[in-house]
Structure formats: C-alpha cells, structure tokens
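Encoded structure:
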C-alpha cells in the first residue's frame with residue numbers, strides 16, 4: 002500500500018503457522034501480526050495476550066488491504082474543514098455614533114447564526130471573527146433564515162462595503178485520507 006503520508010513497514014514475512022517467536026518479534030517491534038490463510042500455533046494467542054500483540058487473520062486479501070488502509074488513515078491528523086451554513090449580502094451600512102458599523106443584510110442562502118462569520122469581497126476573504134450583534138429589526142436574535150433582513154455587527158471589523166458577503170461558518174473535523 003503506497004502512501005506519501007504514512008509509512009508502512011513490513012518487519013517480517015513468512016509462509017506457515019503464526020508462532021510464539023512471531024509474537025515476540027511483533028512485541029519488540031510494536032507491530033501487528035497479519036495472517037493470510039494461516040493457522041496460529043497453540044501457544045501464540047497466550048503470548049500475544051501477555052505482550053499486548055494483535056494477531057489478525059484474513060481469508061480474503063481485499064479485507065486485509067482495506068483494513069490496512071483504514072488503519073493507516075487512522076494515524077493521520079484529522080483535517081479541519083470550513084463549512085458555510087449561510088450567506089448574507091450587505092445591502093446598506095449604518096454607522097454607529099459610538100463607533101463601529103452595522104451591516105444591513107439580506108440572507109440569501111441558508112441561515113446566519115450567532116457565532117463565527119467570515120467577510121468576503123468577491124472571492125477574497127477579508128476577515129474571520131465572531132458576530133458581536135445579530136438583530137432582526139430591534140430584536141437580538143440567534144438565527145436569521147434565508148429571505149430575511151438583518152443587522153450584523155462583527156467583532157473587530159468595520160470596513161464593510163455594500164455588496165460584500167457575510168458567511169456564517171463552522172469548522173468540522175474530517176478524517177484524513179491516504
């Protein structure tokens with residue numbers, strides 16, 4: 002199994018029964034014993050249990066390969082993926098007398114939720130940070146759905162322009178692949 006992300010090292014390969022000496026070799030190498038159409042010697046399971054070595058047996062080669070790929074992928078760090086839950090288009094800007102700007106928006110897709118957002122201008126990401134306030138008319142709300150107007154104030158960012166997009170985002174952990 003080839004991968005440039007994980008190294009798979011075969012310590013020993015042989016034909017025949019899995020023996021207690023195979024278990025000792027696996028224990029000293031912190032390895033797993035994989036058997037394909039093999040038998041296991043009577044003393045090997047007890048030795049494996051004593052040394053904390055797994056003995057896995059397979060009758061179908063594809064099951065062995067698939068399990069090895071899954072085990073190798075499990076060694077990789079998960080990948081963080083940003084998921085867009087909703088998009089709002091800035092239609093009007095409202096400067097505040099105390100400083101700061103409220104972006105008057107129309108939610109065009111999904112929903113905008115109190116939490117992390119990113120500000121986009123075209124394809125360029127300008128800022129990512131938390132929502133300071135999310136309002137419908139004068140009411141503070143937690144969520145605004147598609148087709149509704151809202152006012153959004155973002156912590157640490159005021160350089161909005163009409164036409165910018167505010168995207169409600171979340172981060173998910175996705176299993177890495179080989």
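Residue numbers (the working numbering): 2 to 179. Even glycine gets a Cβ: it sits at the ideal position worked out from N, Cα and C.
With C-beta atoms as the reference, is residue i less than 7 Å away from residue j?
| i | j | result |
| --- | --- | --- |
| residue 157 | residue 105 | no |
| residue 172 | residue 83 | yes |
| residue 80 | residue 177 | yes |
| residue 155 | residue 130 | yes |
| residue 44 | residue 21 | yes |
Report the rounded CA-to-CA distance for residue i versus residue j, giving the unit in angstroms.
| i | j | result |
| --- | --- | --- |
| residue 98 | residue 127 | 24 Å |
| residue 91 | residue 32 | 57 Å |
| residue 95 | residue 139 | 14 Å |
| residue 71 | residue 165 | 42 Å |
| residue 1 | residue 77 | Because the chain spans 2 through 179 in this model, residue 1 falls outside it and cannot be assessed. |
| residue 125 | residue 167 | 12 Å |
| residue 100 | residue 134 | 14 Å |
| residue 50 | residue 119 | 52 Å |
| residue 62 | residue 14 | 15 Å |
| residue 110 | residue 10 | 49 Å |
| residue 132 | residue 159 | 12 Å |
| residue 48 | residue 64 | 25 Å |
Pick helix, strand or coil for residue i, following the three-state DSSP scheme.
| i | result |
| --- | --- |
| residue 57 | strand |
| residue 62 | helix |
| residue 52 | helix |
| residue 96 | strand |
| residue 139 | coil |
| residue 107 | strand |
| residue 72 | helix |
| residue 77 | coil |
| residue 173 | strand |
| residue 47 | helix |
| residue 7 | coil |
Residues in its own chain within less than 8 Å of residue i by CB, not counting five upstream and five downstream?
| i | result |
| --- | --- |
| residue 52 | 24, 25, 27 and 28 |
| residue 36 | 19, 56, 57, 58 and 59 |
| residue 175 | 79, 80, 81 and 82 |
| residue 41 | 18, 19, 56 and 58 |
| residue 46 | 56 |
| residue 112 | 86, 87, 144, 145, 146, 147 and 169 |
| residue 179 | 2, 4, 6, 7, 70, 73, 74 and 77 |
For residue i, I'd like the list of residues in its chain whose CB is within less than 7 Å of its CB, leaving aside the five on either flank, ordered along the chain.
| i | result |
| --- | --- |
| residue 108 | 87, 89, 145, 146, 147, 148, 149 and 151 |
| residue 136 | 142, 151 and 152 |
For residue i and residue j, which I take to be in contact (beta-carbon distance under 8 Å), what is that distance rounded to the nearest angstrom?
| i | j | result |
| --- | --- | --- |
| residue 73 | residue 4 | 6 Å |
| residue 117 | residue 143 | The Cβ separation is near 14 Å, so there is no contact. |
| residue 16 | residue 34 | Contact flag wrong, Cβ pair sits at about 14 Å. |
| residue 69 | residue 2 | 6 Å |
Quick one: residues in its chain with C-beta nearer than 6 Å to the C-beta of residue i, no 5 flanking neighbours on either side, listed in chain order?
| i | result |
| --- | --- |
| residue 7 | 73 and 76 |
| residue 233 | In the structure as shown, the chain begins at 2 and stops at 179. Residue 233 is therefore absent and cannot be evaluated. |
| residue 163 | 91 |
Give a yes or no on whether 7 Å exceeds the smallest Cβ distance from residue i to chain D.
| i | result |
| --- | --- |
| residue 74 | Of the chains in the structure shown, none is chain D; there is only one protein chain. |
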